[in-house]
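Structure record follows, encoded as structure tokens.
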């Protein structure tokens, strides 16, 4: 039994704007980093 091919188009995430799961993961990680940075900035600004 062969393992699934990571570049197989049948494994598309089904999310508009993303062709692969890697793109979804990078977007989510980038958004998480942005939120953490903004929380750090706002905590200094409003403290």
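In our numbering, the protein residues as written are 150 to 196. Backbone N, C-alpha and C fix where the C-beta goes; we use that ideal spot for every residue, glycine too.
Cα separation between residue 182 and residue 173? The residue you call residue 182 lines up with position 33 of the chain shown. The residue you call residue 173 lines up with position 24 of the chain shown. About 14 Å.
Can you look up residue 164 in the DSSP assignment and give me helix, strand or coil? Indexing the chain shown from 1 puts residue 164 at position 15. Coil at residue 164, not helix or strand.
Among the residues of its own chain, which have a CB less than 6 Å from the CB of residue 167, if the five just before and after it don't count? One-based indexing of the chain shown puts residue 167 at position 18. Excluding positions up to five away in sequence, the list reads 173.
Pull up the distance between the alpha-carbon of residue 179 and that of residue 170, whole angstroms please. Start at 1 with the first residue of the chain shown, and residue 179 comes out as number 30. Start at 1 with the first residue of the chain shown, and residue 170 comes out as number 21. Taking the straight line from one Cα to the other gives about 14 Å.
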